[in-house]
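Numbering (this note's numbering), first residue to last: 4 to 142.
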C-alpha cells in the first residue's frame, strides 16, 4: 500500500517543507538533543526526509515524541504512525514525507542511522544541531 504524499505548495513552500519546519521546531522546543536532518528524497521511496534526535532518558524520549505528535495533529499535518512508545528507547514517527527517529543516546549510538544514510550527496545535511536556512533546507 502506497503512503500518501503531500506535494502541494502553499505560498511557495511545499507541504513537506512546512512539515519539516514544524518537526524541527517541535524537537527544539522539547529540548531534544543532537537533532539531525537527512535529505533522502529520490534515494528512498519511503520518505523525503529523515530526522533523528535524542532524548536524555526514557521519559524525555516519550515526552519529545508526545509533543511532536501533538504538534503534527494541531498543525493538520496528518495522523502520524507511531512505533516504540511503550518502551521509549527508540520511538519512530512516520509523518508520511518525513520519518522521525527519537532515541535514547545509547540506542542511537548502537544503531547509528546517520552513518547508514550518509552519502556524499547529503553529508552536509547530516550534521547535529544543524541550522535551518530560509528555504527550509538544513545545513
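We treat Cβ as the ideally placed atom computed from N, Cα and C, and that holds for glycine.
Taking residue i as part of the beta strand (DSSP E), name the residues at either end of that continuous run.
i	result
residue 40	36-42
residue 97	93-97
residue 50	Where residue 50 is concerned, there is no enclosing beta strand (DSSP E), given that its DSSP letter is neither H nor E.
Is the distance from the Cβ of residue i to the Cβ of residue j below 8 Å?
i	j	result
residue 165	residue 86	Shown here, the chain extends from 4 to 142; a query on residue 165 therefore has no answer.
residue 116	residue 71	no
residue 28	residue 75	no
residue 81	residue 67	no
residue 91	residue 54	no
In terms of residues, what are the limits of the alpha helix (DSSP H) holding residue i?
i	result
residue 32	18-32
residue 68	61-77
residue 111	108-114
Run through the DSSP bridge pairs and tell me what residue i is partnered with.
i	result
residue 56	105
residue 86	95
Helix, strand or coil for residue i? Go by DSSP, reduced to three states.
i	result
residue 132	Since pLDDT at residue 132 reaches only 46, below the 50 mark, its modelled position is unreliable, and no value is offered.
residue 119	helix
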